[in-house]
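Numbering (the working numbering), first residue to last: 1 to 330.
Backbone N, C-alpha and C fix where the C-beta goes; we use that ideal spot for every residue, glycine too.
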Amino acid sequence: MTDFDVFGVGNALVDIQATVEDAVLSELNVDKGIMTLVDDARQREVLGLLDGRPLNRCAGGSAANTIVAVAEFGGKSAFVGKIGNDEVGKFFLKDMQDLGIHIDVEPADDSTGTCAVLITEDAQRTMLTNLGASVTLTENDIDEELIKRSKYIYVEGYLFTGENTKAAAYRAMDLAQKHGVKIAFTASDPFLINMLRDEIWELVTGPVDLLFCNEEEAKSLTGESDPIACAKAIHDHAENVALTLGEKGSIIMHGGEAFPIEGVAVKAIDTTGAGDMYAGALLFGITNGMSWRQAGHLASEASARVVAQMGARLERKFTAAEIEALSSLA
């Protein structure tokens with residue numbers, strides 16, 4: 001018997017979200033709409049510029065956001081990621097535990113990682129990430145018993161930017177295979193595909209059972225220009241594919257069949273965490289009795305709801321009746 005629907009492995013970061021003008025991005029000289037890694041001094045500069053602005057703080061990181069989504073839908077989830085022995089780390093731990101997420105990790109000596117999420121009027125989010133203690137995650141932090149007790153593990157691609165964190169990701173996948181646990185992997189960012197295309201393709205053709213990617217990542221990974229062709233090329237090797245297309249919806253491939261999932265029309269305010277929410281809703285669905293098509297509709301509804309508000313967590317949670325309605329779709 002399994003205790004957890006999904007066990008997440010990722011960077012443990014505290015997201016600090018603020019609404020800013022384009023002029024702030026110009027002052028910081030950062031590329032709009034993408035994630036940039038920054039050092040401690042640079043992050044202090046960024047956070048200093050946000051002094052006096054309304055800020056929203058929550059436990060984050062790509063995989064952590066997805067695990068939070070699973071928990072908020074009523075699923076059972078666990079997470080491993082490295083935090084520091086500081087106030088920010090204690091905040092991360094309590095925030096996750098308050099949601100019923102199982103998390104037990106030895107704190108590192110480094111400061112807890114942070115991600116400054118700068119949201120502009122056009123709903124674009126520009127992220128400046130200081131990984132901090134999260135880069136100290138190693139294979140020794142991966143708990144075999146927790147993986148054994150899970151239906152799925154969920155691994156974020158950002159872990160592949162460091163040797164220690166990459167080793168932790170591979171250890172988690174090896175243990176999942178050993179115990180017959182399904183492996184979901186998110187491509188995380190187009191820059192990762194461009195940097196590690198061959199390695200990620202080996203994962204897709206190897207241990208990964210479910211790949212999450214967006215249109216740009218899928219095109220880069222496969223060399224195809226049409227999203228359906230991309231999804232099919234990936235599905236030729238991976239059992240399941242969830243390819244998001246922004247406002248146009250998504251394509252899910254399962255059992256040799258394609259399920260086009262229409263998008264939900266909303267006014268986008270903040271795209272932070274849309275892909276993470278999509279993954280969390282889909283994983284909740286398929287581990288709690290929904291068909292792939294039903295889970296896809298839940299994921300589409302959830303990601304639309306999250307972009308229509310500020311932050312990566314749903315302000316208006318799905319009711320049991322709403323989930324039940326989506327579960328009854330043919």
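Counterpart residues of residue i in DSSP-defined beta bridges
i, result
"residue 372", "With the chain represented from 1 up to 330, any question about residue 372 goes unanswered, as that position is not in the structure."
"residue 77", "6"
"residue 257", "254"
"residue 372", "Lying outside 1 to 330, the shown extent of the chain, residue 372 is not represented and no answer is given."
"residue 212", "186 and 242"
Range covered by the beta strand (DSSP E) that runs through residue i
i, result
"residue 244", "240 to 244"
"residue 60", "56 to 60"
"residue 156", "150 to 156"
Contact belief for residue i with residue j at Cβ below 8 Å, rounded distance in angstroms
i, j, result
"residue 186", "residue 160", "With 8 Å as the limit, residue 186 and residue 160 do not qualify as a contact, their Cβ atoms being about 11 Å apart."
"residue 270", "residue 223", "That pair is no contact at about 32 Å."
"residue 261", "residue 300", "5 Å"
"residue 95", "residue 283", "That pair is no contact at about 20 Å."
"residue 66", "residue 86", "Actually they do not touch by this definition, with Cβ atoms about 24 Å apart."
"residue 134", "residue 81", "6 Å"
"residue 20", "residue 119", "7 Å"
"residue 240", "residue 209", "6 Å"
Residue i: first and last residue of the uninterrupted alpha helix (DSSP H) it sits in
i, result
"residue 220", "215 to 222"
"residue 269", "It is not in any alpha helix (DSSP H) - residue 269 carries neither H nor E in the DSSP assignment."
"residue 207", "First-last for residue 207: undefined, no H or E at that position."
"residue 139", "Unbroken run through residue 139: none, as it is neither H nor E."
"residue 232", "227 to 235"
"residue 173", "163 to 178"
With 16 other Cβ atoms within 10 Å as the buried cut-off, status of residue i
i, result
"residue 172", "buried"
"residue 195", "exposed"
"residue 294", "buried"
"residue 267", "exposed"
"residue 238", "buried"
"residue 61", "buried"
"residue 37", "exposed"
"residue 225", "exposed"
"residue 32", "exposed"
"residue 26", "exposed"
"residue 77", "buried"
"residue 100", "exposed"
"residue 257", "exposed"
"residue 54", "exposed"
"residue 303", "buried"
"residue 2", "exposed"
Every unbroken beta strand (DSSP E) inside the segment 10 to 39 [3 residues or more] | 13 to 19 and 35 to 37
In the segment 82 to 136, which residue ranges form an unbroken alpha helix (DSSP H) of at least 4 residues, counting only runs that do not cross its ends?
-> 87 to 98
Uninterrupted alpha helix (DSSP H) stretches inside the segment 294 to 327 (no shorter than 4 residues) | 320 to 327
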